[in-house]
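A.B. asks: Mind looking over this structure? Questions follow.
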Amino acid sequence: MSRITVGTRIQRLLAILQWIAAEPDGVEISAACERFAMTRSELLGELTMASMIGDGSANFDDMPFLVIIEDSHVEVSLLSFRQPLRMTRGEQLALFVAARALTDPEIGGEDPLSRALSKLAAHLGLDPSLVLAVDVDVDHDGGPRAATLDQAITDRRRVAFTYWTYSRDAVSERLVDPWLVFSRHDQWYLSGLDVDQGQSRVFRLDRIHDLTVSDETASVAPPGLSTSLDFPTDLPVVELDLPASASWVIEAYPTVAVEQVGDRLRVKLAVTGPSFVERVLLRVGPEAVITSIDPELGDLDLGAVTAQRIAARYRR
Amino acid sequence: MTVSRLERLISLMNVLHDSPRPLSAQELRGRVSGYPDNDASFRRQFERDKDELRELGVVLEMATVPASDPPVTGYRIDPRQLFAPMAELEADELEALSMAAAVVGFTGDSSRRAMFKLGVSATTATRRAELADDPNLETLFSAVIDRRRVRFVYRDEQREVDPYRIQFARGRWYLCGMDHGRGALRWYRVSRMSTQVSADAPGTSDPPSAPLSELTLDPWALPGDHAPMEAEVWFDPVAAAGIRDELPGADVVSEDASGLVIRLKVHNREGFRSWLLSFLDRAEVLSPPDLRDDMAKWLEGFSVDARRSS
Numbered sequence: 002m003s004r005i006t007v008g009t010r011i012q013r014l015l016a017i018l019q020w021i022a023a024e025p026d027g028v029e030i031s032a033a034c035e036r037f038a039m040t041r042s043e044l045l046g047e048l049t050m051a052s053m054i055g056d057g058s059a060n061f062d063d064m065p066f067l068v069i070i071e072d073s074h075v076e077v078s079l080l081s082f083r084q085p086l087r088m089t090r091g092e093q094l095a096l097f098v099a100a101r102a103l104t105d106p107e108i109g110g111e112d113p114l115s116r117a118l119s120k121l122a123a124h125l126g127l128d129p130s131l132v133l134a135v136d137v138d139v140d141h142d143g144g145p146r147a148a149t150l151d152q153a154i155t156d157r158r159r160v161a162f163t164y165w166t167y168s169r170d171a172v173s174e175r176l177v178d179p180w181l182v183f184s185r186h187d188q189w190y191l192s193g194l195d196v197d198q199g200q201s202r203v204f205r206l207d208r209i210h211d212l213t214v215s216d217e218t219a220s221v222a223p224p225g226l227s228t229s230l231d232f233p234t235d236l237p238v239v240e241l242d243l244p245a246s247a248s249w250v251i252e253a254y255p256t257v258a259v260e261q262v263g264d265r266l267r268v269k270l271a272v273t274g275p276s277f278v279e280r281v282l283l284r285v286g287p288e289a290v291i292t293s294i295d296p297e298l299g300d301l302d303l304g305a306v307t308a309q310r311i312a313a314r315y316r317r
Numbered sequence: 013m014t015v016s017r018l019e020r021l022i023s024l025m026n027v028l029h030d031s032p033r034p035l036s037a038q039e040l041r042g043r044v045s046g047y048p049d050n051d052a053s054f055r056r057q058f059e060r061d062k063d064e065l066r067e068l069g070v071v072l073e074m075a076t077v078p079a080s081d082p083p084v085t086g087y088r089i090d091p092r093q094l095f096a097p098m099a100e101l102e103a104d105e106l107e108a109l110s111m112a113a114a115v116v117g118f119t120g121d122s123s124r125r126a127m128f129k130l131g132v133s134a135t136t137a138t139r140r141a142e143l144a145d146d147p148n149l150e151t152l153f154s155a156v157i158d159r160r161r162v163r164f165v166y167r168d169e170q171r172e173v174d175p176y177r178i179q180f181a182r183g184r185w186y187l188c189g190m191d192h193g194r195g196a197l198r199w200y201r202v203s204r205m206s207t208q209v210s211a212d213a214p215g216t217s218d219p220p221s222a223p224l225s226e227l228t229l230d231p232w233a234l235p236g237d238h239a240p241m242e243a244e245v246w247f248d249p250v251a252a253a254g255i256r257d258e259l260p261g262a263d264v265v266s267e268d269a270s271g272l273v274i275r276l277k278v279h280n281r282e283g284f285r286s287w288l289l290s291f292l293d294r295a296e297v298l299s300p301p302d303l304r305d306d307m308a309k310w311l312e313g314f315s316v317d318a319r320r321s322s
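Okay, structure coming up:
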């Protein structure tokens, strides 16, 4: 668990004390440790500290809690803080968002999370129809591919799959030693050794298909495996002259340089493959002009050639 | 003995909410252990403590200490503002919520705190989908709940919007609402709102005329200028795998070795075209003829000669 802030520690301590105090005869320390996912020494440290709050004051009622620790047992009496602190909007939002991410209110499920979400919505004074007003489209676990890959990593098995290299619009068969499945910016990735190329690679899970797990033993991940998605620094560059209406290109893609020329934009992009440029050109339309392009990516007429190729489908 | 910040903050909350009258900073210094003797250091630490309490959601009331002359500012916490019983959740509901908060949450600590307020520890998960937090989200969330009209600057223009739906998609937060300046539904990326969002009084926003479930960020479903039409679209098997992930509830017409055909309700032709072209040769509009013609005309607008001479 990440480092805990003082504010979160306060909430945790109050939750612990309220939970113990709900049992008039107290609880076993081990039970509290389990419920709050803490070690015995962590928990005892917090309880001991709580027992000392206000004990230096001349006013007895400045002591909010009475905590009695005996061997493996602890009893708490609350002189104050008998209820949880009011939730902030931010905290309500966090719970709401978590529950919404994993439920579909349109289906009207009766599972515990859907019920919790309905109660939470009612508690917030939210009209039941407004549960749909917050929508969280997030892949929280990477789906079946991530599960298969995780199992393969645990079992140290080599995997094979078909991979769509989006930037070159190329499809190839890969043999990979899987090392780590991870998420960045709402996308899931596999980091592993591309066996045929003898190099480590990162693959996007939604571009993997026909995944199979082999009986071959996979290599182990190197220590300090990076999950960085940094692009290489020596990518080929294309310069585009775009209409002002295509300013979304600057927002959607990392740019090397942007210059306003009259009412048009001169944009330099470092790209991982020609298909990247083709997509930008086709989406912006005939008004997008290549002013210079690395020969590795294609010629100045890349957009027109691509458009003609795809247009052929529509002439059939 | 050293008194930790945590002890001091709990003690401060305890004394402040228990008091029938506002207490001055000096009175608090006498009753709460752990403040430094030096006056300047005390003031600094007291200010930091007040900020921390506010961050915890504690409402600090300020009022003049009765009978003080000259008048001295006092502090108090109304217990009704400090505590609030949470929704009554069954054990299985709490557990489900805790699991959800463990796997999806903001980059900050808010879901963990919220779970403690519900009386349980947030479940820990090795994997977690982190959602970007944004300072304007809370205001927008409150505005949707309380039906408040919101105001913000977007693309250098002042906007006045009835907020309907907040959506997290493709790693970003968006707001959908009725833009009164434009008299039309619009989507906004929350991180691009260039000012702090301000919200009017509760009840100032009109309810949406369309069902909330129809307000989606799918490029073909964005508010458009044409009547919506049903389109059938083909994807080759390579693109199909991604489409299945992206649109789990898609209306599938057929799926076999030759690819996947789905049916979409297209509200926005430009958005649809742009999205489909990102698949290059791996997708094709099958019907209606009107949309096929649109696509063909768009592609034929690219002239090889024009590009070469530019």
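Just so you know, the protein sequences line up as chains E and C, in that order. Okay, so the first sequence: first residue is 2 according to the working numbering, each after it adds one. Okay, so the second sequence: first residue is 13 according to the working numbering, each after it adds one. Virtual Cβ for every residue (Gly too), placed ideally from N, Cα, C.
Going along chain E, which residues have a C-beta under 7 angstroms from residue 200 of chain C?
C.D. replies: As a first step, residue 200 of chain C must be located in the second sequence, where it is residue number 188. Correct list: empty, because the minimum Cβ distance to chain E is about 13 angstroms.
A.B. asks: Are the stretch 219 to 227 of chain C and the stretch 170 to 178 of chain C touching, with three or more C-beta to C-beta distances below 8 angstroms?
C.D. replies: The answer is yes - the stretch 170 to 178 of chain C touches the stretch 219 to 227 of chain C, with three or more Cβ pairs under 8 angstroms.
A.B. asks: Three or more beta-carbon pairs under 8 angstroms between the stretch 167 to 180 of chain E and the stretch 229 to 239 of chain E, yes or no?
C.D. replies: With a cut-off of 8 angstroms, the stretch 229 to 239 of chain E and the stretch 167 to 180 of chain E do not count as touching, because too few Cβ pairs lie within range.
A.B. asks: For residue 21 of chain C, which residues in chain E fall below 9 angstroms Cβ to Cβ?
C.D. replies: The residue you call residue 21 of chain C lines up with position 9 of the second sequence. Here the neighbours are 7, 8 and 11.
A.B. asks: What span of residues does the beta strand (DSSP E) with residue 21 of chain E cover, start to end?
C.D. replies: Position 20 of the first sequence, counted from the start, is the residue given in the question as residue 21 of chain E. Premise fails: residue 21 of chain E lies in the alpha helix (DSSP H), 7 to 22, not in any beta strand (DSSP E).
A.B. asks: Would you give the residue range spanned by the beta strand (DSSP E) that residue 304 of chain E belongs to?
C.D. replies: Start at 1 with the first residue of the first sequence, and residue 304 of chain E comes out as number 303. Unbroken run through residue 304 of chain E is the alpha helix (DSSP H), 303 to 315; no beta strand (DSSP E).
A.B. asks: Whose Cβ in chain E lies nearer than 9 angstroms to the Cβ of residue 194 of chain C?
C.D. replies: Your numbering for residue 194 of chain C matches position 182 in the second sequence. By Cβ distance, chain E contributes nothing, its closest Cβ being about 17 angstroms from residue 194 of chain C, past 9 angstroms.
A.B. asks: Measure from the C-beta of residue 91 of chain E to each C-beta in chain C and report whether the shortest distance is under 9 angstroms.
C.D. replies: As a working mapping, residue 91 of chain E is identified with position 90 in the first sequence. Yes, residue 91 of chain E lies at the interface with chain C (some Cβ there is under 9 angstroms from its Cβ).
A.B. asks: Could you check whether residue 37 of chain C and residue 85 of chain C sit closer than 9 angstroms to each other, using their CB atoms as the reference points?
C.D. replies: Taking the first residue of the second sequence as position 1, residue 85 of chain C is located at position 73. Taking the first residue of the second sequence as position 1, residue 37 of chain C is located at position 25. Yes; because the gap between Cβ atoms is below 9 angstroms, this pair is in contact.
A.B. asks: By the criterion of Cβ-Cβ separation under 7 angstroms, what are the contact partners of residue 312 of chain C in chain E?
C.D. replies: Your numbering for residue 312 of chain C matches position 300 in the second sequence. Residues of chain E passing the Cβ test: 312.
A.B. asks: Based on the DSSP secondary-structure assignment, which residues constitute the bridge partners of residue 118 of chain C?
C.D. replies: Stepping through the second sequence from its first residue, residue 118 of chain C is reached at position 106. Residue 118 of chain C is bridged to C:143.
A.B. asks: Let me check understanding here. Comparing Cα to Cα, which of E:37, E:49, E:27 and E:260 lies closest to residue 19 of chain C?
C.D. replies: Here residue 19 of chain C refers to the residue found at position 7 of the second sequence. When each option's Cα is compared against that of residue 19 of chain C, the closest is E:49.
A.B. asks: When the Cα atoms are used, what is the spatial distance from residue 47 of chain C to residue 88 of chain E?
C.D. replies: Position 35 of the second sequence, counted from the first residue, corresponds to residue 47 of chain C. Position 87 of the first sequence, counted from the first residue, corresponds to residue 88 of chain E. Roughly 28 angstroms separates the two Cα atoms.
A.B. asks: Are the C-beta of residue 238 of chain C and some C-beta of chain E separated by less than 9 angstroms?
C.D. replies: For the purposes of this step, residue 238 of chain C is taken as residue 226 along the second sequence, with counting starting at 1. False, the Cβ-Cβ gap to chain E never drops below 9 angstroms.
A.B. asks: How big is the Cα-Cα spacing for residue 221 of chain E and residue 120 of chain E?
C.D. replies: Along the first sequence, one-based indexing puts residue 221 of chain E at 220. Along the first sequence, one-based indexing puts residue 120 of chain E at 119. One C-alpha to the other measures close to 46 angstroms.
A.B. asks: Which residue wins for smallest C-alpha separation from residue 105 of chain C, given the options E:316, E:242 and E:104?
C.D. replies: Your numbering for residue 105 of chain C matches position 93 in the second sequence. Among E:316, E:242 and E:104, the Cα nearest to that of residue 105 of chain C belongs to E:104.
A.B. asks: With a threshold of 8 angstroms, are at least 3 pairs of Cβ atoms found where one atom belongs to the stretch 190 to 210 of chain E and the other to the stretch 243 to 252 of chain E?
C.D. replies: With the cut-off at 8 angstroms, the stretch 190 to 210 of chain E and the stretch 243 to 252 of chain E do not touch.
A.B. asks: According to DSSP, simplified to helix, strand and coil, what is residue 315 of chain C?
C.D. replies: Here the question's residue 315 of chain C lines up with position 303 in the second sequence. In the structure shown, residue 315 of chain C sits in coil (DSSP, three-state: anything other than H, G, I, E or B).
A.B. asks: Considering only residues of the same chain and omitting the five flanking positions on each side of residue 74 of chain E, which have a CB-CB separation below 8 angstroms?
C.D. replies: As a first step, residue 74 of chain E is located in the first sequence; it is residue number 73 there, counting from the start. Excluding residues within five positions, the ones whose Cβ falls inside 8 angstroms are 27, 28, 29 and 30.
A.B. asks: If we cut at 9 angstroms on Cβ distances, does residue 319 of chain C have a partner in chain E?
C.D. replies: As a first step, residue 319 of chain C is located in the second sequence; it is residue number 307 there, counting from the start. In this prediction, residue 319 of chain C has a pLDDT of 44, which is less than 50 and means its spatial position is unreliable; nothing more can be read from the coordinates.
A.B. asks: What are the residues of the stretch 299 to 311 of chain E that lie near chain C, defined by any Cβ-Cβ distance shorter than 9 angstroms?
C.D. replies: Taking 9 angstroms as the Cβ-Cβ cut-off against chain C, the residues of the stretch 299 to 311 of chain E that qualify are 300, 301, 302, 303, 304, 305, 306, 307, 308, 309, 310 and 311.
A.B. asks: Excluding the 5 residues flanking residue 254 of chain E on each side, which residues of the same chain have their C-beta closer than 7 angstroms to its C-beta?
C.D. replies: Within the first sequence, residue 254 of chain E is the residue found at index 253, counting from 1. Contacts found: 270.
A.B. asks: Taking only the alpha-carbon atoms, compute the straight-line gap between residue 86 of chain E and residue 222 of chain C and give it to the nearest angstrom.
C.D. replies: What you label residue 86 of chain E is simply residue 85 of the first sequence in a count that begins at 1. What you label residue 222 of chain C is simply residue 210 of the second sequence in a count that begins at 1. One C-alpha to the other measures close to 38 angstroms.
A.B. asks: Could you list the residues in the stretch 30 to 51 of chain C with a C-beta less than 7 angstroms from some C-beta on chain E, going in chain order?
C.D. replies: The stretch 30 to 51 of chain C vs chain E, Cβ under 7 angstroms: 30, 43 and 45.
A.B. asks: In whole angstroms, what is the alpha-carbon distance linking residue 212 of chain E and residue 280 of chain E?
C.D. replies: The residue labelled residue 212 of chain E in the question sits at position 211 within the first sequence. The residue labelled residue 280 of chain E in the question sits at position 279 within the first sequence. Between residue 212 of chain E and residue 280 of chain E, the C-alpha separation is close to 27 angstroms.
A.B. asks: Out of curiosity, what's the CA-to-CA distance linking residue 11 of chain E and residue 78 of chain C?
C.D. replies: Here residue 11 of chain E is taken as the residue at index 10 of the first sequence, counted from 1. Here residue 78 of chain C is taken as the residue at index 66 of the second sequence, counted from 1. Cα to Cα, the separation comes out at about 31 angstroms.
A.B. asks: My guess is that residue 133 of chain C and residue 63 of chain E are in contact by the Cβ rule of under 8 angstroms, so how many angstroms apart are they, rounded?
C.D. replies: In the second sequence, counting from the first residue as 1, residue 133 of chain C sits at position 121. In the first sequence, counting from the first residue as 1, residue 63 of chain E sits at position 62. Contact flag wrong, Cβ pair sits at about 28 angstroms.
A.B. asks: If we cut at 9 angstroms on Cβ distances, does residue 269 of chain E have a partner in chain D?
C.D. replies: Any reference to chain D falls outside this structure, whose protein chains are E and C.
A.B. asks: Measuring straight from C-alpha to C-alpha, what distance separates residue 13 of chain C and residue 44 of chain C?
C.D. replies: Indexing the second sequence from 1 puts residue 13 of chain C at position 1. Indexing the second sequence from 1 puts residue 44 of chain C at position 32. Interpretation of residue 13 of chain C is limited by its pLDDT of 49, a score under 50 that renders its predicted location unreliable; the figure taken from the coordinates is listed afterwards. Those two C-alpha atoms are separated by around 14 angstroms.
A.B. asks: By alpha-carbon positions, which one of E:145, E:20, E:287 and E:132 ends up nearest to residue 311 of chain C?
C.D. replies: Counted from its first residue, the second sequence places residue 311 of chain C at position 299. Considering only alpha carbons, the answer is E:287.
A.B. asks: Which whole-angstrom value describes the C-beta separation of residue 146 of chain C and residue 185 of chain C, a residue pair presumed to lie in contact below a C-beta threshold of 8 angstroms?
C.D. replies: Numbered from 1 along the second sequence, position 134 holds the residue referred to as residue 146 of chain C. Numbered from 1 along the second sequence, position 173 holds the residue referred to as residue 185 of chain C. Contact flag correct, Cβ pair sits at about 6 angstroms.
A.B. asks: Report the CB separation of residue 210 of chain E from residue 162 of chain E in whole angstroms; it is logged as a contact under 8 angstroms.
C.D. replies: For this step, residue 210 of chain E is matched to residue 209 along the first sequence. For this step, residue 162 of chain E is matched to residue 161 along the first sequence. Going by Cβ atoms, the distance from residue 210 of chain E to residue 162 of chain E rounds to 7 angstroms, so yes, they are a contact pair.
A.B. asks: So what does DSSP say about residue 95 of chain C, is it helix, strand or coil?
C.D. replies: Position 83 of the second sequence, counting from 1, holds the residue named residue 95 of chain C. Strand, per DSSP.
A.B. asks: Please confirm whether any heavy atom of the ligand MN lies closer than 8 angstroms to the CB of residue 296 of chain C.
C.D. replies: For the structure depicted, the ligand MN is absent and the ligand set is empty, with no information on it obtainable.
A.B. asks: Let me see if you follow: with CB-CB separation under 9 angstroms, is residue 284 of chain C close to chain E or not?
C.D. replies: Sequence index remark: in the second sequence, residue 284 of chain C carries index 272 (1-based). With 9 angstroms as the cut-off, residue 284 of chain C does not count as an interface residue toward chain E.
A.B. asks: Relative to the C-alpha of residue 78 of chain E, which residue among E:132, E:124, E:32 and E:21 is closest?
C.D. replies: To locate residue 78 of chain E, count along the first sequence from 1; it is residue 77. Nearest option by C-alpha distance: E:21.
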